[in-house]
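Counted from 1, the sequence shown has number 746 at position 310 by the working numbering; the numbering is strictly sequential.
Even for Gly, the Cβ is constructed at its ideal location relative to N, Cα and C.
Quick caveat: nothing in here was measured; it's all calculated off a predicted structure.
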Amino acid sequence: MCSSSRLTGKIILDFTLGIFFLLLALILATSFSKFPLVHPNGAVLITGASSGIGLSAAKHLQSQGFHVFAACRKEKDAQKLTNVGLNPLIIDVTKESTIDEAVLAVTRYVKTSGIPLVSIINNAGSTTKKPLETVDMRVVRQVFDVNVFGALEVTQKFLPLLRETVEAGGGARIVFIGSVSGIISLPLNGVYSMTKYSMEAMADTYRRELHKFGISVSMVNPAYVNTNFRQRGADTVKEDSLTLNEKRFYGKDFAHLEKKMNKRATFAATCCDVTDTAIANAVISAYPKTRYYPAVVAPHVPAWIVTPLIRSFGIFTMTDRILDSIIRMAF
Ligand SMILES: NC(=O)c1ccc[n+]([C@@H]2O[C@H](COP(=O)([O-])OP(=O)(O)OC[C@H]3O[C@@H](n4cnc5c(N)ncnc54)[C@H](OP(=O)(O)O)[C@@H]3O)[C@@H](O)[C@H]2O)c1
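In structure tokens form, the structure reads like this:
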């Protein structure tokens, strides 16, 4: 009796250890996917480079030796980018003709210089902070146009150049600037979260479709970084722009959000060493990660520590309610 229960115990232990080592081997094998290195002086394209994360990454990659095409929407920003030694291109990611012209310009550069396009970084972003009940559908479509359809189209149109780079034996990388809002959706941030969740699906699909061509796809999902972005969000919820119903049903939420946004400014990462490092790693490393989580979600709480936990909460439906309660308490 005693020896049979010892045997059962041993079988269970061996089985558990077997599963553990199998999982560990799988995690190690898949986490460290090696990709061809990119040409160290290759060309890189970044959208939304007029300010913040995009501008900083453009300067950083240029300092690493890359030829950076810094894309912006306005002529005056193009001049500003020229003044700091970057190569501006006009791209409004919602306007197909501007993307087409940029593709032509980069193609001309690649053909005449012999320098390959090695990476595109989809950074352009837009936001709104309204309850889903009241948000204007035109605004929803505009935010989706920039954050989702724009990134999808820019990637589609530059892929042939990246594929040429790979076919010539070089490395090619695509980077999407997502957000922690792509794994957790907070009240009044629904539209922005919807777009960044969509971007997660887009990056996952592109990564799986392009792996066979040797093109790496990474997401850089920052938490709070001090850029113009917070102000752009705050501008959408100015007291005088709120409708009567918004004030009536969500007035307290807006007031609370304003306090939260002011507090975030006090602990958010300064622009933009943390994102520069993550973006450069996604472009340069032989082992690019699928996702990077730079910056902090709360004072001294790095995003990379809490995000795996939040992502794993999504596996079980019963934990939705737990997460809802935590968000209600925190919000
Ligand atoms: N800051 C944060 O805490 C944070 C956190 C997570 C994720 N992110 C993401 O980081 C990215 C960059 O944001 P940021 O913080 O650096 O803010 P930012 O300084 O406001 O940069 C946003 C950029 O997107 C550009 N843009 C907006 N609409 C565009 C369009 N239709 N076509 C082309 N470009 C357009 C803006 O250009 P204009 O100057 O012409 O408007 C600007 O260059 C965004 O995708 C954002 O979602 C930021």
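Item	Value
According to DSSP, what are the bridge partners of P524?	A506
Output needed for R700: all residues of its chain with C-beta closer than 6 Å, excluding positions within five of it in sequence on either side, in chain order.	Y660
How would you write the range of the beta strand (DSSP E) that S492 sits in, first residue to last?	Run containing S492: none in the beta strand (DSSP E); it sits in the alpha helix (DSSP H), 488-499.
Could you say which of G607, M573, F612, Q515 lies nearest to E589 if we only look at CA atoms?	F612
If contacts are defined as beta-carbon pairs under 8 Å, then G586 and V529 qualify, I think. What distance do you get, rounded to the angstrom?	3 Å
Relative to ligand 1, is the shortest distance from any of its heavy atoms to the C-beta of N559 smaller than 6 Å?	yes
Less than 7 Å between the beta carbons of I527 and T534, yes or no?	yes
According to the Cβ coordinates, are K632 and G614 closer than 7 Å?	yes
For the alpha helix (DSSP H) holding V627, just list the boundary residues, first then last.	626-646
Which residue comes first and which comes last in the alpha helix (DSSP H) that contains I715?	709-720
Apart from the five residues on each side of it in sequence, which residues of its chain come closer than 6 Å, Cβ to Cβ, to T672?	T564, K565
Can you tell me the Cα-Cα spacing of F685 and D572, whole angstroms?	16 Å
Would the beta-carbon of G501 fall within 7 Å of that of P476?	yes
Report yes or no: do the stretch 479-497 and the stretch 541-559 share at least 3 C-beta pairs separated by less than 8 Å?	yes
Assuming the contact rule is C-beta atoms closer than 8 Å, S654 and R599 should be a hit. Round their C-beta distance to whole Å, please.	Not confirmed; about 18 Å, so no contact.
For ligand 1, is there a heavy atom less than 6 Å away from the beta-carbon of R644?	no
Specify, as a first and last residue, the run of the beta strand (DSSP E) that V611 falls within.	608-613
Taking all protein chains shown into account, decide if S499 is buried (16 or more other Cβ within 10 angstroms of its Cβ) or exposed.	exposed
Starting from A691, trace the alpha helix (DSSP H) both ways and give me its first and last residue.	680-703
Hey, would you say V554 sits closer than 7 Å to G478, going by beta carbons?	yes
Would you call the CB atoms of R747 and M697 closer than 7 Å?	no
Which residues in the same chain have their Cβ closer than 8 Å to the Cβ of N662, if we skip the five residues on either side of it in sequence?	A701, A704, A705, T706, C707
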